[in-house]
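Going by my numbering, 44 is the number at position 7 of the sequence shown; the sequence numbering is gapless.
Notes follow once the structure below has been shown.
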Amino acid sequence: MADEVFQPADPVPESGVYQVQHYRHRLYHEVTILHGSAFPLCSECGTNVRFRLVRTAPPIELDRNFSNVSRMKGHVAR
Ligand SMILES: [Zn+2]
Numbered sequence: 038m039a040d041e042v043f044q045p046a047d048p049v050p051e052s053g054v055y056q057v058q059h060y061r062h063r064l065y066h067e068v069t070i071l072h073g074s075a076f077p078l079c080s081e082c083g084t085n086v087r088f089r090l091v092r093t094a095p096p097i098e099l100d101r102n103f104s105n106v107s108r109m110k111g112h113v114a115r
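Here it is, written out as structure tokens:
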């Protein structure tokens with residue numbers, strides 16, 4: 038899983054930190070991407086950008102010790 042590489046329009050399998058690999062215009066960097074969306078195009082290298090999962094990081098709303106706090110504020114916990 039950790040070595041799986043994704044490209045734009047692929048569905049994001051898990052929320053977490055992804056390493057972004059651009060095509061020739063920028064060094065690798067890391068971003069957080071949430072499950073439920075698709076990997077985006079890069080404004081510079083378009084479909085040539087690649088994403089590799091570094092580590093998963095579930096949203097705090099899904100954590101068992103924080104979901105109740107979220108509910109008290111009126112948010113819907115999943
Ligand atoms: Zn790029």
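C-beta: ideal position from N, C-alpha, C; glycine also.
Query, Result
"Would you mind sorting ILE70 into buried or exposed? The rule is 16 or more other CB atoms within 10 Å of its CB.", "buried"
"Can you tell me whether HIS59 sits near ligand 1, meaning its C-beta is under 7 Å from at least one heavy atom of the ligand?", "yes"
"Who are the near neighbours of PRO48 in its chain, counting only those whose CB is closer than 7 Å to its CB and skipping five residues on each side?", "ALA75"
"Quick one: what's TYR55 bridged to in DSSP?", "VAL68, LEU90"
"Here's the rule: buried if 16 or more other CB atoms are within 10 angstroms of the residue's CB, otherwise exposed. What is PHE103?", "exposed"
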